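Note that the sequence shown covers residues -22 to -1, 1 to 120 in mature numbering (1 follows the signal peptide of the UniProt record, and there is no 0). We put the beta carbon where it would ideally sit given N, CA and C, even for glycine. Computed from a prediction, not measured in an experiment: that's the story for all the values here.
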Amino acid sequence: MKKIGIAVILMLIFISCSNEKAKSPKVSDYHGKWELIEVTGFRPANIIFDKLGWQESYVFNTDETFTKTRTKDNKTTTATGKFAVKKLDNETHFELTYEENNDIIGTCTGNLIEDLSINKEGLLVNSWQMCDGPGLIYKKSK
């Protein structure tokens, strides 16, 4: 009986550990295209994507460069730069440094640096909402 109990406990521990690892994206998983799926504000209601009014995406390349693209009113705007991945408080953060000023940069300071992070659900979120900007949430394309 003891052997069965120990086997069950070991199996539960193994399953718990393997599920935890599956939820944590690897650095290489960040590369690729992330598309805007949700915009939030101070109100609890979220804007539905098809009513958003613009489309936006980031593409993170393996050479630590990125491209941000926004299409609004049939006009496409693109901005590029370099990014760095950092671990802060057990979360993965991106520091994007743009090559030049552009209206699509979402920053609290008005400079060329934009901060993003990966939340517990594996979605990319901006930090702009901390200074009265919209909360923008992106999902990685497959």
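Taking all protein chains shown into account, do 16 or more other C-beta atoms lie within 10 angstroms of the C-beta of residue i, making it buried, or fewer, making it exposed?
i          : result
residue 17 : buried
residue 59 : buried
residue 34 : buried
residue 57 : buried
residue 50 : exposed
residue 98 : exposed
By how many angstroms is the C-alpha of residue j removed from the C-alpha of residue i?
i           : j          : result
residue 73  : residue 64 : 8 angstroms
residue 101 : residue 54 : 24 angstroms
residue 103 : residue 92 : 11 angstroms
residue 83  : residue 36 : 11 angstroms
residue 111 : residue 80 : 16 angstroms
residue 105 : residue 44 : 18 angstroms
residue 14  : residue 67 : 25 angstroms
residue 19  : residue 87 : 19 angstroms
residue 61  : residue 42 : 5 angstroms
residue 114 : residue 12 : 11 angstroms
residue 126 : residue 75 : Because residue 126 is not part of the residues shown, which for the chain are -22 to 120, the question remains open.
residue 70  : residue 96 : 6 angstroms
residue 108 : residue 94 : 12 angstroms
residue 38  : residue 46 : 9 angstroms
residue 77  : residue 85 : 14 angstroms
residue 116 : residue 90 : 20 angstroms
Hey, quick one: how far does the beta strand (DSSP E) through residue i stretch, first residue to last?
i           : result
residue 102 : 102 to 104
residue 34  : 32 to 38
residue 115 : 113 to 118
residue 18  : 10 to 18
Excluding sequence positions up to five away, which residues of its chain have a Cβ less than 8 angstroms from the Cβ of residue i?
i          : result
residue 7  : 118
residue 31 : 50
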